[in-house]
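Rendered as C-alpha cells:
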C-alpha cells in the first residue's frame, strides 16, 4: 500500500528551517546562537558567514566572532568576513615565512580587519593586489616590512600632516585625504602589513613622560616584536622616539605603552579619540621599551621653529650665555613632513643659560633660556 503525505507549504517551510538550524547547532563548534542574538538585524549576514565558511578556516571565523565588537556584529557583511578570512589564509601559503608564524600570532595579528575604532574598510584584497608583488621575494617579515615602509607612501600619495581631516582615519579615509597623523599612518601600515602576511599591531602611548603629546606607531612580528614609525624610513627598533619610549612609566596609565589586541584581554586601550570606544583591548608592553639609560647628567632640549603656524626647516645654533662667538651645536629644525613630536634635540648641561639662534629665509630669531634639571625640555621660536 502506498501512502501519500500531504504538506502544508507554510508549515513545511517552518519545519525545514527548524531542522536546518538544529543541524547547524549540532555540527558547528562556534557558539552560533550567541552571535546571532548579538548581531541583531544583521543576523542573516553572520548566519551566512558561518554557513559558507570553509572547514579549514573555521578556527579563524570562530576567533573573529568570539572577539568581535558588537558594532561589527551588527554591521559587517558575510562577504566582508569571508573575503577577509580567505585572503588571510591564502597569504600564509604564499610568503616564505608563512609556516613559521604561530597560530596565535596569525589569529590576533594577521587575521583581524581593524585596529582601533576606525571606519571598517574592506581593504585586504585591495592591499594584497597592490603590494604583494613588492615583497613576494622577501625572506623574512622584517625585510618585507622595511620595503613596504619605503615604497607604499609614494604609491598611495599619502604623507604625514597634522592638517588631516581627523586622527583616527580608516585606510581609505587616509588615502582619500592624502594626509594622516601618526595614528592614521599606523592604522594604514598595519593593514598593509597584514594583507601581505606580516603580523602587525597598533601601538601607542597617551602622553609622553615629557608631556609633549601622544604618539602611535607599529610593531611587526619576526620571531619576536620589533617597532618602527609608519612613513618614517629607518631600521627596526631605531627611531626618533626610542629614548622617549624608554622613559615610559607604568605607574601612570597615560605614560604607559599599549599594544592593541583583537583578542579580548583584561585591559582596555585608552580611548583617546572616542570616549565610547571601550571595546578595544590591549596589552601593556611598557617594560619592553624600558631600557637602562646611562645618566650622563645632561638634559635634552627640543627645538621647534614655526612660520605662519607651520613648522619649518631652520638653521639652529646653540651658544652658551658666556661665549657667543662659537656655537656649541648646529642643527636643522624639522618641518611639517615629520611627526609633530619629532623635533631637533640637543644634549646640554642643566642649570645653565643658553642662547638659541634660528635662521630662516634671511630672517633671524633668538631666545635666551635657562635649563632646569628636567630630562626633556622644549623651546619654540616663531617667524610671524
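Numbering (the numbering used here), first residue to last: 1 to 384. Don't be surprised by glycine CBs; every beta carbon is placed ideally from N, CA and C. All of these numbers come straight from a predicted model, not from anything done at the bench.
Should residue 73 and residue 46 be called a contact, given that it needs their Cβ atoms to be closer than 8 Å?
Here the question's residue 73 lines up with position 73 in the chain shown. Here the question's residue 46 lines up with position 46 in the chain shown. A contact, by the Cβ cut-off of 8 Å.
Span of the beta strand (DSSP E) around residue 419
Any property of residue 419 remains undetermined from this structure, which presents the chain solely from 1 to 384.
Residue range of the unbroken alpha helix (DSSP H) whose run includes residue 288:
For this step, residue 288 is matched to residue 288 along the chain shown. Run containing residue 288: 286-289, per the alpha helix (DSSP H) assignment.
Ignoring anything shorter than 4 residues or poking outside the stretch 207-265, list the alpha helix (DSSP H) runs there in chain order.
242-246
Spatial neighbours of residue 351 within its chain, please: CB distance less than 8 Å, with the 5 preceding and 5 following residues excluded, ordered by chain position.
Taking the first residue of the chain shown as 1, we reach residue 351 at position 351. 370, 371, 372 and 373.
Output the residue ranges of the alpha helix (DSSP H) runs that lie fully inside the stretch 66-104 and measure 4 residues or longer, sorted by chain position.
70-73 and 78-92
Apart from the five residues on each side of it in sequence, which residues of its chain come closer than 8 Å, Cβ to Cβ, to residue 75?
As a working note, residue 75 is residue 75 in the chain shown. Same-chain partners within the cutoff: 42 and 120.
Sheet register partners of residue 204 (DSSP bridge)
Looking up residue 204 in the chain shown gives position 204. Answer is 216 and 258.
Hey, would you say residue 257 sits closer than 8 Å to residue 145, going by beta carbons?
Within the chain shown, residue 257 is the residue found at index 257, counting from 1. Within the chain shown, residue 145 is the residue found at index 145, counting from 1. Taking 8 Å as the Cβ cut-off, residue 257 and residue 145 do not qualify as a contacting pair.
Nearest CA to the CA of residue 384: which residue from 312, 179, 333 and 85?
The count along the chain shown starts at 1 and reaches residue 384 at position 384. Closest in alpha carbon position to residue 384, among 312, 179, 333 and 85, is 312.
Rank 216, 261 and 250 by C-alpha distance to the C-alpha of residue 452 and give the top, closest one.
Absent from the model: residue 452. The displayed extent of the chain is 1 to 384, so no value can be given.
Inspect the beta-carbon positions of residue 368 and residue 378 and report whether they are closer than 8 Å.
The residue given as residue 368 occupies position 368 in the chain shown. The residue given as residue 378 occupies position 378 in the chain shown. Not closer than 8 Å, so no.
Residue 359 - DSSP class collapsed to helix/strand/coil
Position 359 of the chain shown holds residue 359. If DSSP states are grouped into helix, strand and coil, residue 359 belongs with the strands.
What's the call for residue 141, buried or exposed, on a 16-neighbour Cβ count within 10 Å?
Against the chain shown, residue 141 aligns to sequence position 141. By the neighbour-count rule (16 or more Cβ atoms within 10 Å), residue 141 is buried.
Looking at C-alpha atoms only, which residue of 123, 241, 40 and 286 is the closest neighbour of residue 195?
As a working note, residue 195 is residue 195 in the chain shown. Taking only the C-alpha atoms, the option nearest residue 195 is 123.
Taking just the CA atoms, how far does residue 134 sit from residue 267?
The residue given as residue 267 occupies position 267 in the chain shown. The residue given as residue 134 occupies position 134 in the chain shown. If you take the alpha carbons of residue 267 and residue 134, they lie about 36 Å apart.
Could you give the first and the last residue of the continuous beta strand (DSSP E) run that contains residue 134?
For the purposes of this step, residue 134 is taken as residue 134 along the chain shown, with counting starting at 1. It is not in any beta strand (DSSP E) - residue 134 instead sits in the alpha helix (DSSP H) that spans 124-135.
Closest by CA to residue 395, which one among 56, 298, 243 and 303?
Only positions 1 to 384 of the chain appear in this structure, which leaves residue 395 out of reach.
Terminal residues of the continuous beta strand (DSSP E) containing residue 346?
Position 346 of the chain shown holds residue 346. Start and end: 344-348.
If we call anything under 8 Å between Cβ atoms a contact, is residue 202 one with residue 260?
In the chain shown, counting from the first residue as 1, residue 202 sits at position 202. In the chain shown, counting from the first residue as 1, residue 260 sits at position 260. Yes.
Which of the three DSSP states is assigned to residue 368 in this structure?
Stepping through the chain shown from its first residue, residue 368 is reached at position 368. Note: residue 368 maps to strand in three-state DSSP.
Between residue 200 and the ligand NAD, is there a pair consisting of the residue's CB and a ligand heavy atom that are separated by less than 7 Å?
What this structure holds is no ligand at all, so the ligand NAD is not there to describe.
State the DSSP-derived secondary structure class of residue 180, mapped to helix, strand or coil.
In the chain shown, the residue the question calls residue 180 occupies position 180. Reduced to three states, the DSSP call for residue 180 is strand.
For the 8 Å Cβ check, are there 3 or more pairs between the stretch 243-251 and the stretch 311-329?
No contact exists between the stretch 243-251 and the stretch 311-329.
Thinking C-beta only, is residue 319 closer than 8 Å to residue 357?
On the chain shown, residue 357 is found 357 positions in, with the first residue counted as 1. On the chain shown, residue 319 is found 319 positions in, with the first residue counted as 1. Their beta carbons are under 8 Å apart, which means residue 357 touches residue 319 by this criterion.
Quick check: residue 171 and residue 151, are their CB atoms within less than 8 Å of each other?
Here residue 171 corresponds to residue number 171 of the chain shown, with the count starting at 1. Here residue 151 corresponds to residue number 151 of the chain shown, with the count starting at 1. Cβ distance not < 8 Å, so residue 171 and residue 151 don't count as in contact.
Below 8 Å between beta carbons: does that hold for residue 192 and residue 148?
Residue mapping note: residue 192 aligns to position 192 of the chain shown, counting from 1. Residue mapping note: residue 148 aligns to position 148 of the chain shown, counting from 1. Yes, these two residues count as a Cβ contact at 8 Å.
Rounding to the nearest angstrom, what Cα-Cα distance links residue 163 and residue 185 in this structure?
Along the chain shown, read from residue 1 onward, the residue named residue 163 stands at position 163. Along the chain shown, read from residue 1 onward, the residue named residue 185 stands at position 185. Rounded to the nearest angstrom, the two C-alpha atoms are 13 Å apart.
When we look at the beta-carbon of residue 308 and count the other beta-carbons within 10 Å, is it buried (16 or more) or exposed?
Here residue 308 refers to the residue found at position 308 of the chain shown. By the 10 Å Cβ count, residue 308 comes out exposed.
Sort out for me which residues DSSP pairs residue 353 with in a bridge.
What you label residue 353 is simply residue 353 of the chain shown in a count that begins at 1. Bridge partners of residue 353: 370.
Which stretch, first to last residue, makes up the alpha helix (DSSP H) that contains residue 320?
Position 320 of the chain shown, counting from 1, holds the residue named residue 320. That residue, residue 320, is in no alpha helix (DSSP H); its beta strand (DSSP E) goes 315-320.
Does DSSP classify residue 155 as helix, strand or coil?
Looking up residue 155 in the chain shown gives position 155. Residue 155: helix per DSSP, three-state reduction.
Straight-line Cα distance separating residue 90 from residue 209:
Position 209 of the chain shown, counted from the first residue, corresponds to residue 209. Position 90 of the chain shown, counted from the first residue, corresponds to residue 90. Distance between the alpha carbons of residue 209 and residue 90 is about 42 Å.
According to DSSP, what are the bridge partners of residue 282?
Reading the chain shown from its first residue, position 282 is the one you call residue 282. Per DSSP, 260.
State the Cα-Cα distance for the pair residue 56 and residue 68, rounded to the nearest angstrom.
As a first step, residue 56 must be located in the chain shown, where it is residue number 56. As a first step, residue 68 must be located in the chain shown, where it is residue number 68. Approximately 20 Å, taken between the alpha carbons.
Taking C-beta to C-beta, are residue 347 and residue 291 nearer than 8 Å?
The sequence position of residue 347 within the chain shown is 347, counting from 1. The sequence position of residue 291 within the chain shown is 291, counting from 1. The answer is no: Cβ separation not under 8 Å.
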